[in-house]
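Working notes, structure below.
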Amino acid sequence: MIYFVFALILVVVIVLILNIRIVQQTHAYIIERLGGYHMTWEVGIHFKIPFIDRVARKVNLKEQVVDFKPHSVITEDNVAIQIDTVVFYQITDPKLYAYGVEKPMMAIENLTATTLRNIIGDLELDETLTSRDTINTQMRSVLDEATDPWGIKINRVEIKNIIPPAEIQNAMERQMRAERERRESILRAEGEKTSAILVAEGEKESAILRAEAKKQAAIRESEGKAEAIVKIQTAVAEGIKRINDAKPSEGYLAIKSLEAFEKVADGKATKLIIPSNIQGMAGLAASVKEILTDVEK
45 MIYFVFALIL
55 VVVIVLILNI
65 RIVQQTHAYI
75 IERLGGYHMT
85 WEVGIHFKIP
95 FIDRVARKVN
105 LKEQVVDFKP
115 HSVITEDNVA
125 IQIDTVVFYQ
135 ITDPKLYAYG
145 VEKPMMAIEN
155 LTATTLRNII
165 GDLELDETLT
175 SRDTINTQMR
185 SVLDEATDPW
195 GIKINRVEIK
205 NIIPPAEIQN
215 AMERQMRAER
225 ERRESILRAE
235 GEKTSAILVA
245 EGEKESAILR
255 AEAKKQAAIR
265 ESEGKAEAIV
275 KIQTAVAEGI
285 KRINDAKPSE
295 GYLAIKSLEA
305 FEKVADGKAT
315 KLIIPSNIQG
325 MAGLAASVKE
335 ILTDVEK
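This is the structure we're talking about:
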């Protein structure tokens, strides 16, 4: 009898221990009593009545992601494409999630496919390829509204990949190649144009600098000649002044006159006029003028 009571107590303790549940963080348990919904266990330790209560469903409350297989859709311009979508969702109401819909992920996948067909059916292929953000926003809005009765919150919907038909891909590649070649030709032409402009500007600046250098050289040469003439005339004037200051005799002037005629009659002049009064300065000046005139002719 004692062994029987001990065994019974041991069985009761084991049953009680087996009916103790600890709910972890970001999880929830749906408890049913006698086949109907009773309550939702959240984080902590809980005890269920044996043979009366049961854990109907364990729900993960973390944000989850599901990658659906590519869906075939047709654009407005009758191009069949494959679209691969990714949905980020989170369970906000475990009770609605447990009793709202059978196979929630299958329901979301089918809803995603129908929503995609509705949205893409109003867009052409080019718009589809360039309007991912718009498509994502519209799909998230539609799915979030549709999954509210199921206790599911749709946080994000992303189009992972858009796969056009093979012939469309080849045409797009040829178009991109032609566009790259066109841009390359434009860049090459612009480069050649810029190079030609720079060369012309360089030649222009070089010509200007050469002309400026010649101008400066001519100015310096003219200034040098003018300065030389001034110095020569100054020296001549200084010589005349000194001669005048020395008060030369008439004999000296006559000798100088003869020396001047010696230089004039060096074979270049064809006419030579010697005044009768060689000592007269007026006659000498007239004679020299006549000689110079003949030389110039």
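Each number in my numbering corresponds to the 1-based position in the sequence shown with 44 added.
Using N, Cα and C, we set each Cβ at its ideal position, and we do this for glycine too.
- With fewer than three CB-CB distances shorter than 8 Å, the stretch 168–178 does not count as touching the stretch 104–113.
- Under the three-state reduction of DSSP output, E76 falls in the strand class.
- According to the DSSP secondary-structure assignment, H90 is paired through a beta bridge with R65.
- Between the alpha carbons of A151 and D170 lies a gap of roughly 30 Å.
- Annotated as distal: T158 and L187, with beta-carbon spacing of 8 Å or more.
- Counting C-beta atoms within 10 angstroms of its own C-beta, V201 has 16 or more neighbours from the protein chains shown and is therefore classed as buried.
- The Cβ atoms of N199 and F132 sit closer than 8 Å to each other.
- DSSP places T129 in the uninterrupted beta strand (DSSP E) bounded by 124–135.
- Residue state for M45 is assigned as coil, using DSSP reduced to three classes.
- In this structure T181 is exposed. Its beta-carbon is surrounded by fewer than 16 other beta-carbon atoms within 10 angstroms.
- For D97, the uninterrupted beta strand (DSSP E) run begins and ends at 97–104, by DSSP.
- In this structure K139 touches I74 by the C-beta definition: roughly 7 Å separates them, less than 8 Å.
- Under a 10 Å Cβ-count criterion, D137 is classified as buried, with 16 or more other Cβ atoms of the shown protein chains found around its own Cβ.
- At the C-beta level, I207 and I118 stay beyond 8 Å of one another.
- By the criterion of a C-beta distance shorter than 7 Å, P193 is surrounded in its chain by L140, G144, once the five residues flanking it on both sides are discounted.
- Secondary structure within the stretch 162–244: the beta strand (DSSP E) runs of 3 or more consecutive residues, fully enclosed, are 196–207 (chain order).
- The secondary-structure analysis by DSSP pairs H115 across a beta bridge with I127.
- CA-CA distance, K92 to R161, rounds to 47 Å.
- Collapsing the DSSP output to three states places T70 in coil.
- When DSSP states are grouped into helix, strand and coil, V145 belongs to the coil group.
- Shown here for T84: same chain residues with a beta carbon closer than 8 Å to its own, the five before and five after excluded, namely A72, Y73, I74, I75, P138, K139 in chain order.
- Taking the Cα positions, A222 is about 10 Å away from S229.
- With respect to M183, I164 sits apart: the two C-beta atoms are not nearer than 8 Å.
- Restricting attention to S116, G79, V110, the CA atom closest to the CA of V99 is found in G79.
- Around the C-beta of A257, fewer than 16 other C-beta atoms lie within 10 Å, and the residue is accordingly described as exposed.
- Here V123 has L169 as same chain residues with Cβ atoms under 6 Å from its own Cβ, once five neighbours each way along the sequence are excluded.
- Around the beta carbon of G195, 16 or more other beta carbons lie within 10 angstroms, which makes this residue buried.
- With a threshold of 16 other beta carbon atoms within 10 Å, T172 meets it and is buried.
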